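**Q** Can you keep this structure in mind? I'll have questions shortly.
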Amino acid sequence: MKSISIQCPAKINMTLKVVGKRDDGFHNIESIMQTIDLYDYLYISMIQSDRTKISLRGNSDTIPYDKTNLVYKAAKLYLDANGLKNFEFDINIEKHIPVSAGLAGGSTDAAGTLYALNKFFDNRMSQDELLNLCAQLGSDLNFCLIGGRALTKGRGEIIEPKEHREININLIKPLDIGISAREAYTSFAEKTELEGDNRFNRRDYVNDLEWAIIDKYPTLQQIKKQYKTAVMTGSGSTYFSTKEEFIPAEDFWVENGHKTIPYGVQMI
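Here you go:
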């Protein structure tokens with residue numbers, strides 16, 4: 096049996112601008128993404144076998160442990176892309192990154208899975224080849240694989256690395272609100288159609304998706320009113336601040352004192 100442990104960092108969107116609709120139905124963005132020292136962990140073991148099997152388990156009751164999980168999809172994609180058969184994988188997902196929070200928890204775990212399997216098989220794929228697999232699975236995986244600080248474009252798969260800056264990051268998320276990327280971008284399209292592409296109003300927001308959905312969620316409006324420097328990350332519902340600490344409160348997940356980091360998924 097071979098085993099490997101992977102540390103998968105969360106990401107925040109320091110800025111996020113939606114710059115147009117794509118022919119494939121997605122949106123092009125321009126976003127400064129940044130990894131932070133909030134991590135999920137993957138503990139993966141592999142044995143040779145007379146069959147191919149991917150088994151998932153973990154500590155969270157909010158994610159599926161079946162074929163719909165991005166970790167499963169990432170493992171299967173890697174095996175299929177390399178024509179690998181007759182291996183069994185046991186993947187234990189230790190979650191610390193909130194789900195549906197705009198922190199790329201699912202994406203970083205999937206990127207970590209691709210990274211791990213490539214280590215198992217002696218780095219048979221180059222980083223560019225791994226990035227190609229990442230782009231097939233989702234918009235944030237490419238960045239999560241590389242990490243650090245970067246300007247991302249396209250769906251998020253085009254990465255322009257930037258110089259690392261050590262910044263304090265404080266986080267707050269309503270426990271009862273999870274927002275999917277689909278919901279956020281659908282709201283953006285609907286609001287843009289209703290109001291027109293009003294960039295003057297959008298200019299008041301660092302994150303265009305916050306502009307798109309905040310009217311639907313009084314709790315997010317409450318965060319914005321109480322913390323003047325708070326910015327929503329990704330599709331939400333997490334907010335971050337580099338200046339203000341969030342006060343612990345009932346019905347909120349709060350973690351102060353995180354830092355930016357200059358790397359993505361890695362072995363531990």
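Just so you know, the sequence shown maps onto residues 96 to 363 in this note's numbering. Where is the CB? At the ideal position from N, CA and C, for every residue including glycine. From a predicted model like this one, the values you see are computed outputs, not experimental measurements.
For a quick check, are the C-beta atoms of S126 and S195 less than 7 Å apart?
**A** Sequence index remark: in the sequence shown, residue 126 carries index 31 (1-based). Sequence index remark: in the sequence shown, residue 195 carries index 100 (1-based). No.
**Q** Just curious, the beta strand (DSSP E) that P159 is in, first and last residue?
**A** Sequence index remark: in the sequence shown, residue 159 carries index 64 (1-based). Taken as a continuous stretch (DSSP letters only), P159 belongs to no beta strand (DSSP E), as it is neither H nor E.
**Q** Candidates I186, K162 and T203: which alpha carbon is nearest Y134's?
**A** On the sequence shown, residue 134 is found 39 positions in, with the first residue counted as 1. Among I186, K162 and T203, the Cα nearest to that of Y134 belongs to T203.
**Q** Checking 7 Å against the spacing of the C-beta atoms, do T236 and A211 come in under that value?
**A** Indexing the sequence shown from 1 puts residue 236 at position 141. Indexing the sequence shown from 1 puts residue 211 at position 116. According to the sequence provided, residue 236 is Leu. The question's Thr does not apply to it. Contact flag unset, no.
**Q** With hydrogens ignored, establish whether the beta-carbon of V301 is closer than 6 Å to any heavy atom of the ligand GDP.
**A** In terms of ligand content, the structure shown is empty, and the ligand GDP therefore cannot be addressed.
**Q** What residue does the beta strand (DSSP E) around P256 start on, and which one ends it?
**A** Reading the sequence shown from its first residue, position 161 is the one you call residue 256. Segment I253 to K257, the beta strand (DSSP E) holding P256.
**Q** For a test of the three-state rule: what should DSSP assign to G201, helix, strand or coil?
**A** For the purposes of this step, residue 201 is taken as residue 106 along the sequence shown, with counting starting at 1. Helix at G201.
**Q** Cutting at 7 Å between CB atoms, please list the residues of its own chain near I99, excluding the five before and the five after it.
**A** As a position in the sequence shown, residue 99 is number 4, starting the count at 1. Cβ within range, chain order: I139, A211, K214, F215 and M362.
**Q** Considering just the uninterrupted stretch of the beta strand (DSSP E) at S282, what are its terminal residues?
**A** Numbered from its first residue, the sequence shown carries residue 282 at position 187. Per DSSP, S282 belongs to no beta strand (DSSP E); it is in the alpha helix (DSSP H), A276 to E290.
**Q** By the three-class DSSP mapping on this structure, what secondary structure does N351 have?
**A** Numbered from its first residue, the sequence shown carries residue 351 at position 256. Of the three classes helix, strand and coil, the one that applies to N351 here is strand, per DSSP.
**Q** On a Cα-Cα basis, can you pick out the residue from G273, Y136, A344 and Q231 that is closest to H191?
**A** Reading the sequence shown from its first residue, position 96 is the one you call residue 191. Out of G273, Y136, A344 and Q231, Y136 has the C-alpha closest to the C-alpha of H191.
**Q** Suppose contacts are defined by Cβ-Cβ distances below 7 Å. Is G331 in contact with G115 by that definition?
**A** For this step, residue 331 is matched to residue 236 along the sequence shown. For this step, residue 115 is matched to residue 20 along the sequence shown. The answer is no: Cβ separation not under 7 Å.
**Q** Note down the Cα distance separating F238 from L225, rounded to an integer number of angstroms.
**A** Translated into positions along the sequence shown, residue 238 becomes position 143. Translated into positions along the sequence shown, residue 225 becomes position 130. Going by the C-alpha atoms only, they are around 12 Å apart.
**Q** If you compare alpha carbons, which of N177, N187, E252 and T333 is closest to R219?
**A** Counting from 1 along the sequence shown, the entry for residue 219 is found at position 124. Nearest option by C-alpha distance: N177.
**Q** Do you know whose CA, among Q317, H353 and Y160, lies nearest E261's CA?
**A** Translated into the one-based positions of the sequence shown, residue 261 becomes position 166. When only C-alpha atoms are compared, the closest one is H353.
**Q** Taking the beta carbon of Q321 as the centre, do at least 16 other beta carbons fall within 10 Å, making it buried, or is it exposed?
**A** Within the sequence shown, residue 321 is the residue found at index 226, counting from 1. Exposed, by the Cβ-count rule.
**Q** Mind checking if A211 is an interface residue toward chain D, Cβ cutoff 7 Å exclusive?
**A** No chain D appears in the structure shown, which is made up of a single protein chain.
**Q** Excluding sequence positions up to five away, which residues of its chain have a Cβ less than 7 Å from the Cβ of E340?
**A** Residue numbering aside, residue 340 sits at position 245 when the sequence shown is read from its first letter. Result list for E340: N265 and N351, in chain order.
**Q** With a threshold of 16 other CB atoms inside 10 Å of the CB of Y358, please say whether the residue is buried or exposed.
**A** As a first step, residue 358 must be located in the sequence shown, where it is residue number 263. Exposed is the call here.
**Q** Please go through the same chain and pick out, in chain order, the residues whose beta-carbon is closer than 8 Å to the beta-carbon of K323, but skip the five residues on each side of it.
**A** Here residue 323 refers to the residue found at position 228 of the sequence shown. If we look at K323 and ignore the five residues flanking it on each side, its Cβ neighbours are E339.
**Q** Whose C-alpha, out of N108, L165 and F182, is nearest the C-alpha of R146?
**A** Here residue 146 refers to the residue found at position 51 of the sequence shown. The candidate whose alpha carbon is nearest that of R146 is F182.
**Q** For S150, is the classification buried or exposed, using 16 other Cβ atoms within 10 angstroms of its Cβ as the cut-off for buried?
**A** By 1-based counting over the sequence shown, the position of residue 150 is 55. Result: exposed.
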